[in-house]
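K.L.:
This is the structure I have questions about; it appears just below.
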Amino acid sequence: MASGTRYANLTGMDVSMLVDTIARVDFEGVMELGRALCGLLEAADEVRVTTPAGTDLRARNGGRPINLRGKPAERPGETVMLAGQISWNPLEETQEGVLVLDGAAWPPAELGLLRSPVRMKVSQGVVSAIEGGPDATTFARWMEGHGDPNMFRIAHWSLGFNPGVTRPTGRIVEDERVFGCVELGLGTKGAWIGGEPWVAAAHTDGSMLDPSIYLDGEAIELDGRYVHPTLVEICRRLAVPGY
Numbered sequence: 126m127a128s129g130t131r132y133a134n135l136t137g138m139d140v141s142m143l144v145d146t147i148a149r150v151d152f153e154g155v156m157e158l159g160r161a162l163c164g165l166l167e168a169a170d171e172v173r174v175t176t177p178a179g180t181d182l183r184a185r186n187g188g189r190p191i192n193l194r195g196k197p198a199e200r201p202g203e204t205v206m207l208a209g210q211i212s213w214n215p216l217e218e219t220q221e222g223v224l225v226l227d228g229a230a231w232p233p234a235e236l237g238l239l240r241s242p243v244r245m246k247v248s249q250g251v252v253s254a255i256e257g258g259p260d261a262t263t264f265a266r267w268m269e270g271h272g273d274p275n276m277f278r279i280a281h282w283s284l285g286f287n288p289g290v291t292r293p294t295g296r297i298v299e300d301e302r303v304f305g306c307v308e309l310g311l312g313t314k315g316a317w318i319g320g321e322p323w324v325a326a327a328h329t330d331g332s333m334l335d336p337s338i339y340l341d342g343e344a345i346e347l348d349g350r351y352v353h354p355t356l357v358e359i360c361r362r363l364a365v366p367g368y
């Protein structure tokens, strides 16, 4: 890195994932979809996410940057990720409601594909309660075991849209990019996200399936299917099933 090496961080990549998420995917089309999603979020202030599992989370963007992940490494020393994700963090003090992870969560290592939902109450960007069945118990024990209040702070919101990932697999790099999903991170927040960064004992990510996303009250996605005309047109060109 010090000498300008560029690289892609593809944690857990195997042949199957390489074929499904890269070889068979229209990279430029995925970038176009990502830029369109970024543009819609940049033009909006209020964001609301709901899911059939019970998520109902609201926040205000407040002009925070929206980051397109998985783009080409254009600068010396740049690190990039697998295509099919955008990330940002709305104003922390405006993040309120309930989030329910029902796709995947990792770490802890005992999880991955979720067998039962993990329900969290959120106030001012901080998780105040974790409820649910066995997976929620495992998740709460792991979070509390760090003894670090920053573990309970929401570090980022992300949207997944890699056409090669149609369902969670238990591998977090794919699970964050399930087409149409919403994913949130807790714990350490990097400076690249935007807003105040912070350090925690660890970082964890979890996904929500079949979301509905409303920007300033207008739906851009309903039950996991994009409905904004610009997004629909790009999905059709990408030959995404259901469009």
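Residues in the sequence shown are numbered consecutively from 126, following our numbering.
Just so it is clear, CB atoms sit at the ideal spot from N, CA and C, and this is done for glycine as well.
1) Taking the straight line between their C-alpha atoms, what separation do you get for residue 308 and residue 181?
2) Report yes if the C-beta distance between residue 285 and residue 304 is below 8 Å; otherwise report no.
3) Taking residue 154 as the reference, which of 289, 312, 335 and 334 has the closest Cα?
4) Please go through the same chain and pick out, in chain order, the residues whose beta-carbon is closer than 8 Å to the beta-carbon of residue 179, but skip the five residues on each side of it.
5) Please classify residue 132 as buried or exposed, where buried requires at least 16 neighbouring CB atoms within 10 angstroms.
6) Is there contact between the segment 200-207 and the segment 330-345, where contact requires at least three CB pairs shorter than 8 Å?
7) Give the range of the alpha helix (DSSP H) segment to which residue 141 is assigned.
8) Please name the residue in 272, 262 and 220 whose C-alpha comes closest to that of residue 248.
9) Please check the pair residue 302 and residue 159, which I expect to be a contact at CB under 8 Å, by giving their CB distance rounded to whole angstroms.
10) Have a look at residue 332 and residue 306 and give me their C-alpha separation to the nearest angstrom.
11) Is DSSP giving residue 350 helix, strand or coil here?
12) Mind checking whether residue 157 and residue 359 have CB atoms under 8 Å apart?
P.N.:
Per the coordinate set shown:
1) 14 Å
2) Cβ atoms of residue 285 and residue 304: closer than 8 Å.
3) 289
4) Cβ neighbours of residue 179 beyond the five flanking positions: 223, 225, 242 and 244.
5) exposed
6) no
7) 140-143
8) 220
9) That pair is no contact at about 11 Å.
10) 7 Å
11) strand
12) yes
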